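Using the working numbering, the letters of the sequence shown correspond one by one to residues 235 to 678.
The C-beta atom is built at its ideal place from N, Cα and C for all residues, glycine as well.
Values in this document were obtained by computation on a predicted structure and should not be read as measured data.
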Amino acid sequence: MFKNNINQTKRLIAFIIFILTIVNVNGQQTDTIKDDRFSVHAQTTVITQYKPAFTAKYSGQNSLQTQEETSRSTTSTLYLGAKLWQGASVFINPEIAGGAGLSGSLGVGSSANGETYRIDNPAPTFELARLFFRQIFPLGKETTYQESDFNKLGGSIPTNYFSFTVGKICVADFFDNNRYSHDPRTQFMSWGLMSNGAWDFPANTRGYTPSVVLEYVTPENELRYGFSLVPTTPNGMNMSWNISNTGSHTLEFTHNYTLAGEKGALRLVSFFNNAKMGNYNQSIALNPTAPDLFATEAIGHIKYGFGINSEQALNKDMGIFFRASWNDGHNETWAFTEIDRSVSFGISSNGNQWNRQNDNVGLALVISGLSTPHRKYLEAGGNGFELGDGKLNYSLEHLAELYYSVQLQKYLYVSGTYQFILNPGYNKDRGPVNVFSIRVHAAF
Numbered sequence: 235m236f237k238n239n240i241n242q243t244k245r246l247i248a249f250i251i252f253i254l255t256i257v258n259v260n261g262q263q264t265d266t267i268k269d270d271r272f273s274v275h276a277q278t279t280v281i282t283q284y285k286p287a288f289t290a291k292y293s294g295q296n297s298l299q300t301q302e303e304t305s306r307s308t309t310s311t312l313y314l315g316a317k318l319w320q321g322a323s324v325f326i327n328p329e330i331a332g333g334a335g336l337s338g339s340l341g342v343g344s345s346a347n348g349e350t351y352r353i354d355n356p357a358p359t360f361e362l363a364r365l366f367f368r369q370i371f372p373l374g375k376e377t378t379y380q381e382s383d384f385n386k387l388g389g390s391i392p393t394n395y396f397s398f399t400v401g402k403i404c405v406a407d408f409f410d411n412n413r414y415s416h417d418p419r420t421q422f423m424s425w426g427l428m429s430n431g432a433w434d435f436p437a438n439t440r441g442y443t444p445s446v447v448l449e450y451v452t453p454e455n456e457l458r459y460g461f462s463l464v465p466t467t468p469n470g471m472n473m474s475w476n477i478s479n480t481g482s483h484t485l486e487f488t489h490n491y492t493l494a495g496e497k498g499a500l501r502l503v504s505f506f507n508n509a510k511m512g513n514y515n516q517s518i519a520l521n522p523t524a525p526d527l528f529a530t531e532a533i534g535h536i537k538y539g540f541g542i543n544s545e546q547a548l549n550k551d552m553g554i555f556f557r558a559s560w561n562d563g564h565n566e567t568w569a570f571t572e573i574d575r576s577v578s579f580g581i582s583s584n585g586n587q588w589n590r591q592n593d594n595v596g597l598a599l600v601i602s603g604l605s606t607p608h609r610k611y612l613e614a615g616g617n618g619f620e621l622g623d624g625k626l627n628y629s630l631e632h633l634a635e636l637y638y639s640v641q642l643q644k645y646l647y648v649s650g651t652y653q654f655i656l657n658p659g660y661n662k663d664r665g666p667v668n669v670f671s672i673r674v675h676a677a678f
């Protein structure tokens with residue numbers, strides 16, 4: 235096993251060197267082609283986190299460990315795209331990921347490292363993260379220019395269009411976007427800040443799933459619907475193809491507007507998941523002193539919820555965001571994180587005011603809660619795939635995050651982040667917890 239880990243590490247290093255070589259070559263080229271036939275992009279992100287020891291009255295199977303702890307995660311992704319015919323394109327993203335979150339990402343609802351959502355094995359492992367086809371149908375003659383980017387071909391695209399996407403994707407690439415808080419590789423890192431926390435969005439352990447997404451887009455309004463496969467087990471890698479009995483539906487409406495001359499957006503998202511979930515109340519009824527969700531898992535159990543997501547630019551350098559979400563919380567969390575109610579808000583700015591235009595700074599707070607059945611299940615000593623202190627003195631979980639990102643070179647950024655967690659895992663008998671992070675991100 236040790237030999238395998240060494241080989242995996244060598245593959246990771248070689249992959250990173252390959253990516254950085256492409257970055258260097260790409261940076262020396264002049265962008266003279268308006269409409270791309272192909273696109274090549276890449277990213278590498280390394281996050282190191284440190285947590286000093288903290289106090290707790292007790293710990294359980296899925297608790298955040300009380301002792302001093304350091305963790306590291308690494309992801310490296312290659313983004314390849316090609317135009318097939320007018321409006322049609324295909325994208326493929328090979329990815330290597332490895333490492334782990336603090337305490338294996340256990341014991342906190344709004345876990346501290348959003349990159350560990352893409353890791354299912356501490357050893358660097360390869361996966362075909364995304365492979366999808368997209369077709370755009372213009373609904374008019376007006377066009378706008380799209381810059382080449384991750385899974386985007388540079389060139390003219392219609393301002394009004396209908397599109398469909400089919401393949402293996404990250405659902406969060408299409409839904410719940412936010413200009414100021416969405417990408418843990420460059421912005422806030424907490425799970426509760428990168429998306430609406432109560433949205434149990436469908437994905438395997440590493441964040442991807444086969445899906446179909448339909449989009450209707452105009453400059454003012456956008457409507458999206460997606461159907462995705464769900465895992466066969468909570469937070470699992472294998473997906474259920476039993477689409478007549480399992481699956482996830484996501485619907486989102488976005489309104490883009492201008493307020494006092496500055497751009498803003500309001501998004502309303504809803505979801506309906508059907509999976510072989512366990513039920514909290516049934517688990518307690520079967521075994522009041524040691525409830526087990528596995529004993530009540532059954533096809534036909536559902537989870538549904540809603541979220542709101544808004545962003546507003548204050549000026550050309552600074553903006554604010556707000557999210558709030560809720561799910562019914564009767565059945566177990568299946569794919570994302572153990573949050574049933576969530577409110578988050580924050581502010582982000584570039585460094586233009588201090589002559590560091592490509593630097594960024596952000597400050598945000600996320601407050602998370604549980605449904606009554608979920609809370610009672612944990613109070614009785616039950617375990618989810620992320621939480622389980624053996625018992626629970628319930629309180630809302632608070633996580634505040636401050637980060638500063640410095641651009642060292644054109645494609646290289648280093649961030650320092652501080653997170654303060656009050657009532658980790660919704661338990662006021664544990665913590666508070668301080669987390670310090672260094673993030674290195676290279677991308678083109």
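For phenylalanine 371, same chain residues with a beta-carbon under 8 Å away, outside a window of 5 residues either side, are Gly321, Tyr395, Phe396 and Ser397 in chain order. Close CB contacts of arginine 664 within its chain, under the 6 Å cut and outside five residues either way in sequence, are with Ala290 and Pro658 (chain order).
If you compare the alpha carbons of Ile655, Asp623, Arg440 and Glu635 with that of tyrosine 292, the shortest gap goes to Asp623.
For histidine 675, the uninterrupted beta strand (DSSP E) segment begins and ends at 667–677. In the displayed model, arginine 306 falls within a strand according to three-state DSSP.
In this chain, threonine 378 is not harboured by any alpha helix (DSSP H); it is covered by the beta strand (DSSP E) spanning 377–380. With 16 or more other CB atoms across the displayed protein chains lying within 10 angstroms of its CB, threonine 480 is buried. Taking 8 Å as the upper bound for CB-CB distance, glutamate 376 and threonine 393 are in contact here, some 5 Å apart. If you look at glutamate 496, you'll find it in the beta strand (DSSP E) that goes 496–509. Shown here for alanine 634: same chain residues with a beta carbon closer than 6 Å to its own, the five before and five after excluded, namely Leu599 and Phe654 in chain order. When DSSP reads this structure, aspartate 383 sits in a beta bridge with Lys386. Counted as a single uninterrupted DSSP element, the stretch harbouring leucine 520 is not any beta strand (DSSP E) but the alpha helix (DSSP H) occupying residues 514–520. Each residue's CA atom was taken as its position, placing alanine 494 and leucine 520 some 58 Å apart. For histidine 608, the enclosing alpha helix (DSSP H) begins and ends at 606–613.
Assignment of valine 405 by DSSP, reduced to helix, strand and coil, places it in the helix class. In terms of Cα proximity to glycine 603, the closest of Val464, Val400, Gly333 and Ser559 is Ser559. Looking at the backbone, the Cα of histidine 275 and that of asparagine 411 are separated by about 20 Å.
Separation of serine 339 and alanine 676 (C-alpha to C-alpha, rounded to the nearest whole angstrom) is 24 Å.
Counting the other CB atoms within 10 Å of its CB gives leucine 318 a total below 16, which places it among the exposed residues.
When secondary structure is reduced to three states using DSSP, alanine 529 falls in the helix class.
Around the C-beta of isoleucine 477, fewer than 16 other C-beta atoms lie within 10 Å, and the residue is accordingly described as exposed. Residues Tyr450 and Phe487 of the same chain have their beta carbon placed closer than 6 Å to that of leucine 457, with the five preceding and five following residues left out of the count. The beta carbon of tyrosine 652 sits closer than 7 Å to the beta carbons of Leu636 and Phe670 from its chain, once the five residues preceding and following it are set aside; these are given in chain order.
The C-beta distance from phenylalanine 366 to isoleucine 403 rounds to 5 Å, short enough to meet the 8 Å contact threshold. For the options Ile518, Tyr538 and Glu496, the alpha carbon positioned closest to that of alanine 547 is the one of Glu496. For methionine 552, the enclosing beta strand (DSSP E) begins and ends at 552–561.
Rounded to the nearest whole angstrom, the CA to CA distance from serine 344 to threonine 571 is 8 Å. By the C-beta density criterion, tyrosine 491 is exposed, having fewer than 16 other C-beta atoms within 10 angstroms.
Here asparagine 469 is near alanine 569, since their CB atoms are less than 8 Å apart.
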